[in-house]
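The working numbering applies: residue 23 is where the sequence shown begins, and numbers increase by one.
Positions of the beta carbon are idealized from the N, C-alpha and C atoms, including for glycine.
Note that the coordinates shown come from a computational prediction; the quantities given were computed from them, not determined experimentally.
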Amino acid sequence: YGKFLHVCTVHCTVFLQIVFYRFSTLPPHSREYHFVNQLMTWTEAQSYCREHFTDLVTIYNSDINQLLVSIGPRINDWAWIGLYDDRYSWKWSMEGKLFYVGSTHEFLIWANGQPDCVNAKEYCVALQGQTQMNDRPCGP
23 YGKFLHVCTV HCTVFLQIVF YRFSTLPPHS REYHFVNQLM TWTEAQSYCR
73 EHFTDLVTIY NSDINQLLVS IGPRINDWAW IGLYDDRYSW KWSMEGKLFY
123 VGSTHEFLIW ANGQPDCVNA KEYCVALQGQ TQMNDRPCGP
């Protein structure tokens, strides 16, 4: 309970990051995504992704949803993504307002009845069965 697999994102080259940063967004082809088959809490997964890659995955368009289906586990495991609730609104782990163009909320596919913040302890988000999101406790 509370330790799941996770998906990381990494910028392929610093050059692309700097060039496209000026245009307020980085195109999908300038990123790589890695499914990490290790059980961790959300905070551990975030730290791992930041240390080895860039950050937990951010779902900012429908192409990323499809990509997660293709690289995610083929079983009904949970996998952390970079979405969390800071008590005022849902936010993405990857920081920087210039990264986001418009709203990412239209690409969020919540499982039925989610988010529900059971017992006011579910502040982090995991994918269930590759495509549906569910708020979960961030740690054990």
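(message) Please list the terminal residues of the continuous alpha helix (DSSP H) segment that includes residue 165.
(response) Since the first residue shown for the chain is 23 and the last is 162, residue 165 is missing from the structure and cannot be characterised.
(request) Determine the burial state of residue 157: buried for a count of at least 16 other Cβ atoms within 10 Å of its Cβ, exposed for fewer. (result) buried
(message) Let me confirm a value: residue 104 is counted as buried when at least 16 other C-beta atoms fall within 10 Å, else exposed. Which label applies?
(response) buried
(request) Would you please state the rounded distance, in angstroms, between the beta carbons of residue 78 and residue 29? I believe it to be under 8 Å. (result) 7 Å
(request) Give the single residue among 54, 137 and 162 whose Cα lies nearest to the Cα of residue 154. (result) 137
(request) Note down the Cα distance separating residue 113 from residue 82, rounded to an integer number of angstroms. (result) 12 Å
(message) Using a 10 Å radius around the Cβ and a threshold of 16 neighbouring Cβ atoms, would you call residue 110 buried or exposed?
(response) exposed
(message) Assuming the contact rule is C-beta atoms closer than 8 Å, residue 145 and residue 89 should be a hit. Round their C-beta distance to whole Å, please.
(response) The Cβ separation is near 25 Å, so there is no contact.
(request) Apply the 10 Å Cβ neighbour rule to residue 65 and answer buried if 16 or more other Cβ atoms are within range, or exposed otherwise. (result) exposed
(message) Could you give the first and the last residue of the continuous beta strand (DSSP E) run that contains residue 147?
(response) 144-150
(request) Grab me the residues of residue 115's own chain with a C-beta within less than 7 Å of its C-beta, minus the 5 sequence neighbours each way, in chain order. (result) 68, 77, 78, 104 and 106
(message) What residue range does the beta strand (DSSP E) around residue 157 cover?
(response) 154-159
(request) Give the DSSP-derived three-state secondary structure of residue 103 in the structure shown. (result) strand
(message) Which of the three DSSP states is assigned to residue 77 in this structure?
(response) strand
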